[in-house]
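Read left to right, the sequence shown gives residues 0 to 46 (numbering that gives the first Met the number 0).
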Amino acid sequence: MSTQVEKDQVSGRETTGHEWDGIKELNTPLPSWWVYVFWITVIWSVG
0 MSTQVEKDQV SGRETTGHEW DGIKELNTPL PSWWVYVFWI TVIWSVG
C-alpha cells in the first residue's frame with residue numbers, strides 16, 4: 000500500500016486512492032450523529 004496522501008485539487012480533501020472513470024473517491028468520515036444513531040439502533044435491536 001502507498002503511504003503517500005493524495006489530495007483532491009478542487010476540495011483539498013484527502014482521497015482514498017480509488018478512481019472510477021476519472022472520478023476520485025474522497026476520504027470523508029460519516030457525521031458523528033449518524034454513528035451515534037447507528038449504535039443506538041444496534042443496542043436497541045439487541046435489547
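Glycine included, C-beta positions come from ideal geometry on N, C-alpha and C.
All values derive from a computational prediction rather than experimental measurement.
Shown here, threonine 15 sits in a strand according to DSSP, grouped into three states.
Using a Cβ distance threshold of 8 Å, glutamate 13 and glutamate 24 do not count as a contacting pair. Serine 10 and isoleucine 39 have their C-alpha atoms roughly 32 Å apart.
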